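Novice:
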Amino acid sequence: MWKVLLVASKIIIHPHFIVSEGYAFGHLIILTKKVDFQKDQKITLEELKKAAERLKSKLLEAIKKETSQEVKEILEFHTMILDDPFLWDRLSNKASHGKITIEDLNKVRDEVIELFLNIDNPLIRERQHDVKDVFTKLLYEIYGEEKKRISPGDIVYLEEIFPSEVVEFKNLGVGAVLCKKGSHTSHASILAQSLDIPFMFNVPDLSEYDGSLVFVDAVHGKIIVEPSKEEIKILKELIEKYNREKAETEKYSLIKFDDVKVMANIGVLQEIDFAKKKGADGIGLFRTEFLFLNRKAPPSEEEQYLAYKKALESFYPDEVIIRLLDIGGDKKLPYLNVSNDENPFLGVRGVRLLLKNRDILRTQLRALIRASAHGNLGILIPMVTILEDIIEVRKIIRKIEGELKEEGVKVGNFKVGIMVEVPSVVFNLDEFIPHIDFVSIGTNDLTQYMFAADRNNQEVSKYYRDEDKAIINAIQLVVNKMSRVGKPVAVCGEIAGKVHMIEKLLNIGLKEFSVAPAKVPRVKKRIYELKQLKT
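Going by my numbering, the residue at position 110 of the sequence shown is 110; the numbering climbs one at a time, nothing skipped.
(1) Tyr23 bridges to which residues according to DSSP?
(2) Following the continuous alpha helix (DSSP H) through Glu512, name the residue where it begins and the one where it ends.
(3) Runs of 4 residues minimum, wholly inside the segment 318 to 392: which ones carry the alpha helix (DSSP H) assignment?
(4) Less than 8 Å between the C-beta atoms of Leu269 and Ala311, yes or no?
(5) Which residues does DSSP list as the beta-bridge partners of Asn265?
(6) Quick check on this structure: which residue in Pro299, Glu403, Glu240, Ser151 has the alpha carbon closest to the alpha carbon of Gly290?
(7) Checking 8 Å against the spacing of the C-beta atoms, do Glu536 and Ala264 come in under that value?
(8) Counting C-beta neighbours from all protein chains within 10 Å, is the total for Ile321 16 or more, i.e. buried, or is it exposed?
(9) Could you tell me if Ile527 is buried or exposed, where buried requires 16 or more neighbouring beta carbons within 10 angstroms of its beta carbon?
(10) Note down, one range per segment and in chain order, each alpha helix (DSSP H) of at least 4 residues found wholly within the segment 171 to 229.
(11) Assuming contact is defined by CB atoms lying nearer than 8 Å, are Phe432 and Val426 in contact in what I supplied?
(12) Rounded to the nearest angstrom, what separates Leu446 and Leu117 at their Cα positions?
(13) If I follow the unbroken alpha helix (DSSP H) through Leu31, where does it start and stop?
(14) Given this structure, state the Cα-to-Cα distance separating Gln364 from Gln304, to the nearest angstrom.
(15) Among residues of its own chain, excluding the 5 on either side of Leu355, which ones have a beta-carbon nearer than 8 Å to its beta-carbon?
(16) Which residue spans inside the segment 93 to 122 form an unbroken beta strand (DSSP E) run of at least 3?
(17) Tell me which residue opens and which closes the beta strand (DSSP E) that Glu42 is part of.
(18) Can you tell me whether DSSP reads Phe427 as helix, strand or coil?
(19) Lys246 to Asp84, Cα distance in whole Å?
(20) Would His97 be called buried (16 or more neighbouring beta carbons within 10 Å of its own) or exposed?
(21) Going by DSSP in three states, Phe86 sits in which element: helix, strand or coil?
(22) Please confirm if the segment 453 to 464 is in contact with the segment 413 to 420, defined as three or more CB-CB distances below 8 Å between the two stretches.
(23) So what does DSSP say about Ser68, is it helix, strand or coil?
(24) Rounded to whole angstroms, what's the CA-CA distance from Lys524 to Ala516? Just pull it up for me.
(25) What would DSSP say about Glu248, mapped onto helix, strand or coil?
(26) If we count Cβ pairs, one from each stretch, closer than 8 Å, do we get three or more for the segment 135 to 151 versus the segment 218 to 231?
(27) Tell me the DSSP secondary structure of Ser440 in three-state form.
(28) With respect to the alpha helix (DSSP H) encompassing Ala490, which residues constitute its N-terminal and C-terminal limits?
(29) In whole angstroms, what separates the C-alpha of Leu324 from that of Leu380?
(30) By alpha-carbon positions, which one of Ile397, Tyr23, Ser461 ends up nearest to His435?
(31) Residues in the same chain with beta-carbon distance under 7 Å from Ile119, minus the five sequence neighbours each way, listed in chain order, please.
(32) I'd like to know whether the C-beta atoms of Pro163 and Leu191 end up nearer to each other than 8 Å.
(33) Please report the straight-line C-alpha distance between Leu158 and Ile197, rounded to a whole angstrom.
(34) By alpha-carbon positions, which one of Val214, Lys410, Glu208 ends up nearest to Val177?
(35) Using 8 Å as the threshold, is the C-beta distance between His27 and Gly211 below it?
(36) Could you tell me the alpha carbon to alpha carbon distance between Asp130 and Ala275, rounded to whole angstroms?
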């Protein structure tokens, strides 16, 4: 029925990223920038101070009413920005005859943002978005904001979203949020997940559909415009069914199995609390790229150490698997020695790139090995293809471990494993096993390389088949080889979160699943149901 509906309606299928899953049905409201600020437009410092006081009063009032601690912390931080002496000193210095231009105001904003970017703490660095948020709100406080009336259930579309707007939309009862720009690791995205608002970004311009009735499918990534009466009835039933099942599924987050683990994949520290809330049995994949992106220089050892320490302490005694920097292919960093490969996905990426940038590798390994004293750590080597690379990384690890002990630094026990992402590793695993403690199968890349199909290329999407028997056989081969020597195997690709595939994965001996935090309860529910059938 669902597939029939998609044929019957006008559909927008687009490149998208789902941040927070769910369905929503309502009128589309296009929100655009409401005030066109001119660079040479002037504001008096007195006006700015009065606007700041009004905004602060509103924030304090909102804090009193707010029940979510996470939201309270955001609003409290916004009041701190407004009270910051550095901010007002810089504004005074930029002012001429008691007035400041919008251009100079933006320069001060950028200076404050730069201060945050230079702090060796990833959580504080992420607050740069809050600074931009506060400055925008300050200008709206002065000039007013012609905001469209938003009713409960409406679907809002905007170019980008600030954390405070996520809170505002939640309080207004917005059905879903669609954005042109965004990222999975932004503060706004994490907040949308936490507040359970369906949210997708990388959505194309929908201005022509302003006011239209739309159905948002933030589970499969589709938008249906102006469905028929018959379709509306079925879609509403779909939403009701989804919400009932979701409420039922959440109860399973509390379950722990003796023989199976359901862990979480995370990409930023802010996801830790969400993963714990969803009942994750540890972190099966902690992507460290967020520490390295959007900056001119690599993160220091201390900054990385603090990030890894927080993750390990938060989940202790459960295991936290932290993957070494996995850059290359579709990502480039200005401070890395990266060649312009004709085919970057078959070029210098993963461990290959790390071994070409040993200063980056050594710094990350020092931070990780120091952090090992604070929890149950697994270090994961990405994009391994040959044995020599594993041996080389382990040699560097041993050397660093010795150096730290000589320096009097406490070092804990930790494991070293590899990502299984290319077919050669599946078949050559026997020779790798003596040099590793565990493996994590990245089925997204494994599928891409087995079927020669770029998973981000819609033109070859029919060839990207992560449920194919070739992939299942590859997983089984890895599980069998590792089981013979008593070493663990996890699957951290999309297939691990597909409920209809769980029985097949369990039947071939898989005991560790690592999925997006939001999927942990449903995976646990399915495992529980299958276990009940056997009793």
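We treat Cβ as the ideally placed atom computed from N, Cα and C, and that holds for glycine.
If you're wondering where the values come from, they're calculated on a predicted model, not measured in any experiment.
Specialist: Based on what the coordinates show:
(1) Asp217
(2) From DSSP, Glu512 is part of no alpha helix (DSSP H) but of the beta strand (DSSP E) over 512 to 515.
(3) 351 to 356, 358 to 371
(4) yes
(5) Leu285
(6) A small fix is needed here, since residue 290 is Phe in this sequence, not Gly. The residue with the shortest Cα to Cα distance from Phe290 is Pro299.
(7) Past the boundaries of the shown model lies residue 536; the chain is included only from 1 to 535, so the question cannot be answered.
(8) buried
(9) buried
(10) 187 to 194
(11) no
(12) 35 Å
(13) Element bounds for Leu31: n/a, residue is neither H nor E.
(14) 7 Å
(15) Leu361, Asp389, Glu392, Val393
(16) 99 to 101
(17) Per the sequence presented here, residue 42 reads as Lys, with Glu not at that position. Segment 42 to 44, the beta strand (DSSP E) holding Lys42.
(18) helix
(19) 43 Å
(20) exposed
(21) helix
(22) no
(23) coil
(24) 13 Å
(25) helix
(26) no
(27) strand
(28) From DSSP, Ala490 is part of no alpha helix (DSSP H) but of the beta strand (DSSP E) over 489 to 491.
(29) 6 Å
(30) Ile397
(31) Arg125
(32) yes
(33) 15 Å
(34) Val214
(35) yes
(36) 23 Å
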